[in-house]
Amino acid sequence: MAYLIGSGRFDYAAHFLAGAGGTLILIVATNALWSLLSSRWPSAFADAAPAIAAATLISIGFGLVAEFTVFAAPVADIVDIVHQSLGAIVVGMACVLLAGSRRSWAAALVSEGITAGLGLVMIVIGAALVGII
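In this note's numbering, the protein residues as written are 13 to 145.
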């Protein structure tokens, strides 16, 4: 993170945070769906790592689409794409490596709510770094 902030270009950190925050939010949604499916079919949905990996790849795809459509002025910036993708990959790997054990639904709801809130805060900080808000 020191490289991203210390680089002098806050848009590096902003894109990293946007990728990480967006991925966190998508993984929360994936975890909620995965919990629902694993309660119905425990053997087929025992390991959440494939879902987390898929959510990470989808998040990278969202970043690519956004960079090439919404933010392409006049062309997409490959450096922005790389930093967004790095943020998504770091969060995806951390979520796979730190996957928790089964918890009560209340504990899972609080944990997932805090994680989604953290993702939103990361996106807002990234937007503030580049002057969007």
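Ideal placement from N, C-alpha and C gives every residue a C-beta, glycine not left out.
Subject >> Coil, strand or helix - residue 137 by DSSP >> reply: Note: residue 137 maps to helix in three-state DSSP.
**OP:** Determine the contact status of residue 138 and residue 29, defining contact as a CB-CB distance below 8 Å.
**Re:** The answer is yes: Cβ separation under 8 Å.
Subject >> Uninterrupted alpha helix (DSSP H) stretches inside the region 52–84 (no shorter than 4 residues) >> reply: Counting only runs of 4 or more, we get 61–81.
Original post:
Taking one C-beta from the region 63–72 and one from the region 32–48 each time, how about it: are there three or more such pairs within less than 8 Å?
Top reply: The answer is yes - the region 32–48 touches the region 63–72, with three or more Cβ pairs under 8 Å.
Original post:
Closest by CA to residue 109, which one among 130, 91, 59, 52?
Top reply: Closest option to residue 109, Cα to Cα, is 59.
Original post:
residue 89 lies in the alpha helix (DSSP H); which residues open and close that run?
Top reply: Note, residue 89: premise wrong, no alpha helix (DSSP H); not H, not E.
**OP:** Going by CA-CA distance only, name the one from 44, 21, 24, 26 that's closest to residue 122.
**Re:** Nearest option by C-alpha distance: 44.
Original post:
Alpha carbon to alpha carbon, what distance is there between residue 24 and residue 91?
Top reply: Each residue's CA atom was taken as its position, placing residue 91 and residue 24 some 8 Å apart.
Subject >> Cβ shell of residue 64 (< 7 Å), same chain only, five flanking positions each side left out >> reply: Annotation for residue 64: 39, 42, 104, 107, 108 place their beta carbon closer than 7 Å to its own, counting only its chain and skipping 5 residues before and after.
Original post:
Does DSSP put residue 110 in a helix, in a strand, or in coil?
Top reply: In this structure, residue 110 counts as coil in the three-state DSSP scheme.
**OP:** Reducing DSSP to helix, strand and coil, say where residue 39 ends up.
**Re:** Of the three classes helix, strand and coil, the one that applies to residue 39 here is helix, per DSSP.
**OP:** Look up residue 143 in the DSSP assignment and say whether it is helix, strand or coil.
**Re:** For residue 143, the secondary structure class from DSSP, reduced to helix, strand or coil, is coil.
Original post:
Less than 8 Å separating the beta-carbons of residue 75 and residue 97?
Top reply: Taking C-beta atoms as the reference points, residue 75 and residue 97 count as a pair closer than 8 Å.
Original post:
Among residues of its own chain, excluding the 5 on either side of residue 135, which ones have a beta-carbon nearer than 6 Å to its beta-carbon?
Top reply: 30, 33, listed in sequence order.
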